[in-house]
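In our numbering, the protein residues as written are 67 to 602. Written below as structure tokens is the structure these notes are about.
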């Protein structure tokens, strides 16, 4: 018996040009994330924000982006993904200009909030458009890899670029540098991208929008601050209330004929596994990543500039492994790529664990690079499977779910594994404080490795040197625990997840996958295609 594999149209040169330009907003967003912390000291000196205002400057965009991404994913399905992407790019350019020339902290906070909203529109629109632009699974795999690899480039080049700009220009240049990128994409993409929308989509349910936005903001905020401040009743309450609102949101979606989030997507095993891949990778690695950067600077005494240059290596490795993902899928299959990638990342975390004991910089960077090499294909495959396993008219929502999953994975990784490592640091340091350090100074030193360095400089002499050495050893132990916990999680996942993906090939059309059957209605009946571009 011969199995018929449907033929699919391959993308034209025009579509590949559109993809190249679509990677610019991805680079822009990654660059924005990586340079903000660099700008904060200069912003503080110029605008003199209060401590609370500084926190809002750092986090308001991230919180609003996380809260609105589900809404924006579905809104793109309804009003058109190209239209929403262009609106997001225009809003990003305006908000970044506003941020660059902010005369006071309040204006900058509003600008950062608008940037967060615009990012929530750009991300799901960009990735959901790829599904229609590249109907061929192999080309689609390459398109996803190109988009995600550009994020790695943006994260890697952000700190060096930011440092260069701060050397010769004012802090606003860090926001202004992305404006030409957004405007260029805004001017060119309308002539290259086709428009897609779900003609069956109804009006957005306001109550669902409110529930999802407030719930995600509370959960993300609560978990972030729990990781930074420890267990406080108000923060625990924020997480609990957010979780309750999420439950109410899910309950409401089950009752609506046209929900904001189609929970039926999670009934597809491949989709459920796909959105968990980035969650698992970031959950396992985020805590160790946080500790590693601080360990290199505060414990080993490397300058921020040197650390920034060192971190280009794992980012470059992630770029290469991400771009190789389509080839790996073709020769190994989805399950093998996930399993081997997770095992390689787990091995990298074990290298970090052993290297932290001796403080060997090259070994620490080797471990971090292995984590990036293993994680790149896993996260790329997760994005590809999530978008390709749902009906065409649901790809905006699928992309948004992937964004939420990644954000929650990173936040939980910092809150759980990061807090575990910090607890180990505090316990270890409290038992090794040198004589001459007061209890109040010990409390400050136990809050963070940065606090320990500050106290050691204040105390000075042999006591200060002994405190810094003790803090470095204790923080190294915290890094080891964080890396070890992440390695265990990834090892378990490397065994379980490939079993769940058995028989699935990401490089073949969904119609030819085993067990697909009638799980999806014909997608062409619910897809409008119009505009000036082509999809093939």
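Backbone N, C-alpha and C define an ideal beta-carbon position, used for all residues, glycine too. These numbers come from a predicted model, not from an experiment.
- If you ignore the 5 residues before and after residue 219, its C-beta comes within less than 7 Å of the C-beta of 93, 385, all in its own chain and listed in chain order.
- For residue 340, the CB contacts under 6 Å within the same chain, skipping 5 residues up- and downstream, are 448, 451, 452 in chain order.
- For residue 313, the enclosing alpha helix (DSSP H) starts and ends at 299-321.
- In the displayed model, residue 328 falls within coil according to three-state DSSP, outside both helix and strand.
- Pairing residue 510 with residue 525 gives a Cβ-Cβ distance that is not under 8 Å.
- Counting the other Cβ atoms within 10 Å of the Cβ of residue 248 gives 16 or more, which makes it buried.
- Residue 233 sits exposed, since fewer than 16 C-beta atoms from the chains shown fall within 10 Å of its C-beta.
- Rounded to the nearest whole angstrom, the C-alpha separation of residue 323 and residue 256 is 33 Å.
- DSSP, reduced to helix, strand and coil, places residue 380 within a helical segment of the structure shown.
- Nearest C-alpha to residue 254 among 491, 559, 543, 91: 91.
- Restricting attention to 477, 470, 527, the CA atom closest to the CA of residue 135 is found in 470.
- Judged by their CB atoms, residue 411 and residue 556 are nearer to each other than the 8 Å cut-off.
- No Cβ-Cβ contact shorter than 8 Å links residue 111 with residue 292.
- For the pair residue 387 and residue 326, the CB atoms are not nearer than the 8 Å cut-off.
- Residue 129 and residue 183 have their C-alpha atoms roughly 9 Å apart.
- Counted as a single uninterrupted DSSP element, the alpha helix (DSSP H) harbouring residue 534 occupies residues 527-566.
- A Cβ-Cβ distance of about 7 Å is found for the pair residue 191 and residue 462, placing them in contact under the 8 Å criterion.
- With a cut-off of 8 Å on Cβ pairs, the segment 481-492 is not in contact with the segment 136-153, counting fewer than three such pairs.
- Judged by beta-carbon spacing, residue 415 lies within the 8 Å limit of residue 553, meaning their Cβ atoms are closer than that value.
- Contact check for residue 97 and residue 214: beta-carbon distance about 15 Å, past the 8 Å limit, so the pair fails to qualify.
- In this structure, residue 186 sits near residue 131, with a CB-CB distance shorter than 8 Å.
- The three-state secondary structure of residue 485, taken from DSSP, is helix.
- With fewer than 16 other beta carbons inside 10 angstroms of its own, residue 329 counts as exposed.
- Considering only 337, 370, 432, the residue with the shortest C-alpha distance to residue 563 is 337.
- The C-beta distance from residue 252 to residue 179 rounds to 21 Å, too long to fall under 8 Å, and the pair is not in contact.
- Between the segment 347-356 and the segment 540-554 there are three or more C-beta pairs closer than 8 Å, enough to call the two in contact.
- When rounded, the separation of the alpha-carbon atoms in residue 512 and residue 492 is 5 Å.
- Going by DSSP, residue 213 is part of the alpha helix (DSSP H) stretching over 203-234.
- Collapsing the DSSP output to three states places residue 168 in coil.
- Cβ contact annotation for residue 273 (same chain, cutoff 8 Å, sequence separation greater than five): 318, in chain order.
- Taking residue 376 as the centre and dropping the five residues before and after it, the same chain places the C-beta of 431 closer than 6 Å to its C-beta, in chain order.
- Taking 8 Å as the cut-off, the beta carbon of residue 119 is found closer than this to the beta carbon of residue 175.
- DSSP places residue 446 in the uninterrupted alpha helix (DSSP H) bounded by 427-454.
- Closest by C-alpha distance to residue 435, out of 379, 360, 237, is 379.
- The shortest C-alpha to C-alpha distance from residue 346 to any of 468, 200, 139 is the one to 468.
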